[in-house]
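Below is one structure; the comments refer to it alone.
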Amino acid sequence: MRKISICLILFWGIVQVSGQKDSIYIEAKLSSDKKLLEISQELVYYNNSSKDLNTIKFLNWVSAYKKRGTSLVYRKLEDRNNDLHFAKPEQLGQLLQLTVKSSGNLVTPVENTTEENLFIPLNKPLHPGESTRIQLHYQMQLPDKKFTGYGTSDKNIALKYFFIVPDHFDPDNISKRNYHDIEESISFNTHWAVKFDTPSEYFIKSNLPETETNSFKGYLDSDPEFLLSLREYPSIIINTEDIKTEIQFGYPLSPQEKENLEFYLPLHLKFIKEKIGTIPSHLFISDKFRANEDFFGNNDIRFWRFKFQLFTDAEKADLDYFGIIAKKVLDESIITDKQDDHWFNNGIKSYLEIQYLKKFYGETKLLGKLPEARIFGIKPLKLFHASNVKLIDRYGLAYQYIMSQNLDQKIDEKFSVLSNFNVMAISSFETGSLFNYSADKMGYENFDDLVKTFIAKNTDKPIDARDFLKELAEKDNRTSYLADFLKQKNRVNFKLQKFKKENDSLHIKITKNTTSPIPVKLETQTTEKEKKEYWVETDGNEKSTTVTIPALDIYKITLNNDYIFPEAQYRDNFLYSKGLFSNAKRIKLKLIKDIPNPEFNEIYISPRIRFNNTYDKFLLGFNFKNQSFFDQKFLYSVTPTYSTGTGKLTGSGAVSYSFLPAESIIRSLTFGVSGAYFHYDYNLAYRKASIFSNISFRKNPRSTVGRGVSISYNYFERDLNPLRIANRDYDKYNLWSIGYGYTDNQMIHEKSLSVSAQGMEDFNKITAEGFYRWEFAPKQKLSLRLFAGYFVRNDTRNNTFDYGISRVSNYSFSYNLLGESANSGFLSQQFILADGGFKSFIPGTVNQWITSFNVDTSVWKIFHVYADAGVYKNKNNPTQFIWDSGIKLRLIPDFVEIFFPIQSSLGFEPGFKDYAKRIRYTLVLNLGSIINAARRGWY
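What follows is the structure, given as structure tokens:
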């Protein structure tokens, strides 16, 4: 009874100080094994909605860790993390028991505690503005900390989003909210008093002030966070003339790091306060928050034992912690619904970073000191445009990169459906660039004053970020376009059309692809590098504007220099008013693929050395293309080579153009032509000419699903020797094909389906393939493949176009075979998973129909077992059943694998004298596939 009385006294003390704010008192006892929390909780809940409430929705987000199938598990799998999916029961989190007592009610046990949303009925309606007192008692099993950064571990216990709390956003909405681990606010505008009962050796850190040992009390606009650890982590107290703030860290700091932070943190807080007007008196930085908000791209380059430092330790601390502190201050000062208004806090953070970089790192390079690295006394990276790109340009470049692939998303997209890359490039960088652009136009002091006023008048209450845009438009009507801008993908493009000189004036025509009245920044430069800036107002009803400026000695004209406005492209933003390239863009030759320099028409020239089996041997040549690190709509690539095996010129080339509609069911529509000339046998060449079109359908950037349709027409000419002529081989043929492909590369259940039709004068055939791979345990997978092929018509004169059983006929020269015509030797043992997909050398081909089934499963580490079975029929022959089995070594999954046949339709194969020649291997040298695999989880 004494304990209960103390709790009530403390609890009602909270009520007295909190007014109309919710108040929560918690006593939490930690078990000796650090796995369980027993919690007694009381809260005063105010009905801040506009209607009577008969139930109160509580968030029970520890249940997100309870089982497979929750939104949290799905999100982690999208991020290529399967730890939670394969977690053991003792690693999961769950609510074990819950009893509830509301005003005037008896204690009521809650039976269903597995849901993330609990709807607690009230004994009478709660009218708007009224409050009720609710008591909760529950036990929870804490999840392993490795899943989200919150939970229990050997080193410490991090608590956030585990306590049962009311849903403050839309409290009268009965729709369910699930935990996605996106650091959203749920318990804002609340007064807290939390007391822990833990062993004496524990130290506790929190974003709540500590009033006495293990007791914390205070008001928060964010969610409470606690770190219980066996060691005391450092704090840094900032005590200057106008800032008094304690910053606590939930992780250790090295002496050098602490010294750097003691120097930089006061500068950071002063800079931030000057911009937004407020700094909390207490900040807590967890290791999770640090990892989420640090500066992207300033890490050291590490490879094996090699390490190159891009920035000094002091610079890294400065860059990292400015963003970390800025975001933490914003999160503690502004209440936003992160799902809908994520772009406001993220955009202001990026705006602050841009201002900080302009002031202290204006000339710092994106690659830091890397361009100064010497190899054999030279600096090879100086040849790259990337070595000249400024650090501050990263905001425009990140947006350009994702937009060039048409995988960007709208700024006001729901946060939970943003891809991880778009969280950075769109929600943060693009929005921050727009804020910076507006501030540059209206004056930075005016913009900063508006931010300060907006934050101050919305203290302690949720904001609607669109209200900020309205006030911004009222302050400067030239920013009115932003409200609509956020609702659609940005494809705004300004273009320097032409200029004309008359007397002492220069008439410059600027066009844009939108009727939005967006101002544009024009910059001129003389031959002496003197620069002048002009703001050009554009008409909302016209797409072209002519501006007249003094001619002076202008050499170059630029729009939106330094990526100040996030345009769809920057390549048409430069003109030269003098010289050979007057009113045109200069051409520049580059040696290696690079970040594009929009000022030039760049042609990339790179040496090529390729081994093309025993016929061409080494192919030596150069590749000429216009493709940089960023995708472009118009692409060309020409590769002339010299064949050392034949002494002849060979090569290939292609030209394509892609349409990338921003809002369409189609992500890209590509048309192209290509040609190739190589050798496929000794002194026998082939010539290939193609016309093709590919359609890639729109996908959710967080999704692993891809869908596409391809259509092509190919013309082939092949040289024939006397033997091939005697076998009535084809010297000329035309192939057309159409196909549909579906892939889903998710982590646990990977699957794909393809259907295609192909034909020529002598045949038509239909092919279908389905693939499924299940990860049934960590790094242990079962693969299933079903293949079916059928000739609708087959009047061919030999087996060139037949389906393969254990080998493929590369009549379309689309497979990357080391030995195109090899029938023996090491090159002939290459395995391509196509057609029948048998690993054993089962002889023959199929000219009517075939169905095969391929199974592959993990056994131990890199060792797999496989089995193939199939039925096929040739013309005028009975149906045949074939099978094989063996062991596979998965050295580099999907890229380098070795197959050892054991038993098959041929017999026990290790007993054959030529067994070494029956061993097969896969070798996939496709850089694009490697990049696609590496970027999964980002977009």
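Numbering (our numbering), first residue to last: 184 to 1122.
Glycine included, each C-beta is placed from N, C-alpha and C at the ideal position.
Taking only the alpha-carbon atoms, compute the straight-line gap between Phe875 and Leu1010 and give it to the nearest angstrom. For the purposes of this step, residue 875 is taken as residue 692 along the sequence shown, with counting starting at 1. For the purposes of this step, residue 1010 is taken as residue 827 along the sequence shown, with counting starting at 1. The alpha-carbon atoms of Phe875 and Leu1010 are separated by roughly 30 Å.
Cα-Cα separation, Phe241 to Asp364: Working through the sequence shown from its first residue, we reach residue 241 at position 58. Working through the sequence shown from its first residue, we reach residue 364 at position 181. Phe241 and Asp364: Cα-Cα distance of roughly 17 Å.
Taking 9 Å as the threshold (C-beta atoms), are Gln592 and Lys552 in contact? Position 369 of the sequence shown holds residue 552. Position 409 of the sequence shown holds residue 592. Cβ distance not < 9 Å, so Lys552 and Gln592 don't count as in contact.
Once DSSP output is grouped into helix, strand and coil, what is the label at Lys776? Stepping through the sequence shown from its first residue, residue 776 is reached at position 593. Note: Lys776 maps to coil in three-state DSSP.
Close-in-space but distant-in-sequence residues of the same chain around Thr824 (CB under 7 Å, 5 per side omitted): If you number the sequence shown from 1, residue 824 lands on position 641. Around Thr824, the same chain offers Arg791, Leu802, Leu803, Gly804, Thr833 and Gly834 as residues with beta carbons nearer than 7 Å, after the five sequence neighbours per side are excluded.
How far does the beta strand (DSSP E) with Tyr149 in it reach, from first residue to last? Within the shown structure, residues of the chain are numbered from 184 to 1122, placing residue 149 beyond reach of any answer.
Quick one: which unbroken beta strand (DSSP E) runs of 3-plus residues sit fully inside the region 292 to 376? Chain order, please. 300 to 309, 314 to 324 and 339 to 342
Please classify Lys250 as buried or exposed, where buried requires at least 16 neighbouring CB atoms within 10 angstroms. Taking the first residue of the sequence shown as 1, we reach residue 250 at position 67. Lys250 comes out exposed.
CA-to-CA distance, Tyr840 to Leu1106, given in whole angstroms: Looking up residue 1106 in the sequence shown gives position 923. Looking up residue 840 in the sequence shown gives position 657. In a straight line, the C-alpha of Leu1106 is about 31 Å away from that of Tyr840.
Pair every Cβ in the region 669 to 677 with every Cβ in the region 710 to 718, then say whether three or more of these pairs are closer than 8 Å. no
Considering only residues of the same chain and omitting the five flanking positions on each side of Ile459, which have a CB-CB separation below 8 Å? One-based indexing of the sequence shown puts residue 459 at position 276. Once the five neighbours on either side are set aside, the close Cβ partners of Ile459 are Val512, Leu513, Ser516, Ile531, Leu535, Asp631, Val634, Lys635 and Ile638.
Same chain only: Cβ atoms within 7 Å of Phe559, ignoring 5 sequence neighbours per side: Along the sequence shown, one-based indexing puts residue 559 at 376. Excluding positions up to five away in sequence, the list is empty.
Quick one: what's Arg968 bridged to in DSSP? Locating residue 968 in the sequence shown gives position 785, where the first residue counts as 1. Phe954 and Asn1037, per the DSSP bridge assignment.
Report the CB separation of Ile239 from Tyr257 in whole angstroms; it is logged as a contact under 8 Å. Counted from its first residue, the sequence shown places residue 239 at position 56. Counted from its first residue, the sequence shown places residue 257 at position 74. That belief does not hold up - the Cβ atoms of Ile239 and Tyr257 are roughly 27 Å apart, past 8 Å.
Under 6 Å Cβ to Cβ from Ala608, same chain only, skipping five residues before and after it: list those, please. As a first step, residue 608 must be located in the sequence shown, where it is residue number 425. Same-chain partners within the cutoff: Ala581, Tyr582 and Ile585.
Which residues in the same chain have their Cβ closer than 6 Å to the Cβ of Asn230, if we skip the five residues on either side of it in sequence? Residue 230 sits at position 47 when you count from the first residue of the sequence shown. Once the five neighbours on either side are set aside, the close Cβ partners of Asn230 are Leu236, Leu309, Pro311 and Glu313.
Three or more C-beta pairs under 8 Å: does that hold for the region 331 to 342 against the region 213 to 223? yes
Beta carbon of Phe1082, beta carbon of Ile1065: below 9 Å? As a working note, residue 1082 is residue 899 in the sequence shown. As a working note, residue 1065 is residue 882 in the sequence shown. No.
With respect to the beta strand (DSSP E) encompassing Thr519, which residues constitute its N-terminal and C-terminal limits? Stepping through the sequence shown from its first residue, residue 519 is reached at position 336. Run containing Thr519: none; DSSP gives neither H nor E here.
Return the first residue and the last residue of the alpha helix (DSSP H) that Val606 is part of. Counted from its first residue, the sequence shown places residue 606 at position 423. Where Val606 is concerned, there is no enclosing alpha helix (DSSP H), given that its DSSP letter is neither H nor E.
Excluding sequence positions up to five away, which residues of its chain have a Cβ less than 6 Å from the Cβ of Gln1063? Here residue 1063 is taken as the residue at index 880 of the sequence shown, counted from 1. Counting only Cβ-Cβ distances below 6 Å, and skipping sequence neighbours, we find Tyr1055.
Segment limits, beta strand (DSSP E) that includes Ser418: The residue labelled residue 418 in the question sits at position 235 within the sequence shown. Ser418 to Asn422 is the span of the beta strand (DSSP E), which, as asked, contains Ser418.
Whose C-alpha, out of Pro272, Phe269, Arg793 and His320, is nearest the C-alpha of Gln224? The residue labelled residue 224 in the question sits at position 41 within the sequence shown. Ranking the options by Cα distance to Gln224, first place goes to His320.
Endpoints, alpha helix (DSSP H) assigned at His451: Looking up residue 451 in the sequence shown gives position 268. Here the alpha helix (DSSP H) through His451 covers Pro438 to Ile459.
Give the list of continuous alpha helix (DSSP H) stretches no shorter than 4 residues that lie fully inside the region 1072 to 1096. none
Inter-residue spacing [alpha-carbon to alpha-carbon] between Asp1067 and Thr1040: Stepping through the sequence shown from its first residue, residue 1067 is reached at position 884. Stepping through the sequence shown from its first residue, residue 1040 is reached at position 857. Cα-Cα distance, rounded: 15 Å.
Which residue or residues does DSSP assign as beta-bridge partners of Asp864? The count along the sequence shown starts at 1 and reaches residue 864 at position 681. The partner list for Asp864 (beta bridge, DSSP) reads Leu867.
Close-in-space but distant-in-sequence residues of the same chain around Ile770 (CB under 6 Å, 5 per side omitted): Working through the sequence shown from its first residue, we reach residue 770 at position 587. Hits under 6 Å: Asn784.
What residues are listed by DSSP as bridge partners for Leu705? The residue you call residue 705 lines up with position 522 of the sequence shown. Per DSSP, Tyr717 and Leu742.
Using only the alpha-carbon positions, how far apart do Ile575 and Phe478 sit? Stepping through the sequence shown from its first residue, residue 575 is reached at position 392. Stepping through the sequence shown from its first residue, residue 478 is reached at position 295. Ile575 and Phe478 have their C-alpha atoms roughly 12 Å apart.
Quickly, what does DSSP pair Ala695 with across the bridge? List them, please. As a working note, residue 695 is residue 512 in the sequence shown. The sequence shown places Lys at residue 695, not Ala. In DSSP, Lys695 forms a bridge with Phe677.
Would you kindly work out how many angstroms separate the C-alpha atoms of Lys773 and Ala1050, rounded to a whole number? Working through the sequence shown from its first residue, we reach residue 773 at position 590. Working through the sequence shown from its first residue, we reach residue 1050 at position 867. Cα-Cα distance, rounded: 50 Å.
Nearest-angstrom Cα distance between Phe467 and Ser389? The count along the sequence shown starts at 1 and reaches residue 467 at position 284. The count along the sequence shown starts at 1 and reaches residue 389 at position 206. Their backbone Cα atoms lie some 6 Å apart in a straight line.
Do you know offhand how far Asn443's Cα is from Leu413's? Within the sequence shown, residue 443 is the residue found at index 260, counting from 1. Within the sequence shown, residue 413 is the residue found at index 230, counting from 1. C-alpha of Asn443 to C-alpha of Leu413: approximately 25 Å in a straight line.
Supposed contact pair Leu705 and Leu665 - C-beta distance, whole angstroms, cut 8 Å: Taking the first residue of the sequence shown as position 1, residue 665 is located at position 482. Taking the first residue of the sequence shown as position 1, residue 705 is located at position 522. Not quite, the Cβ-Cβ distance comes to about 21 Å (not below 8 Å), so this is no contact.
Top-ranked residue by Cα proximity to Val856, from Leu742, Val821 and Leu436: In the sequence shown, the residue the question calls residue 856 occupies position 673. The shortest Cα separation from Val856 among Leu742, Val821 and Leu436 belongs to Val821.
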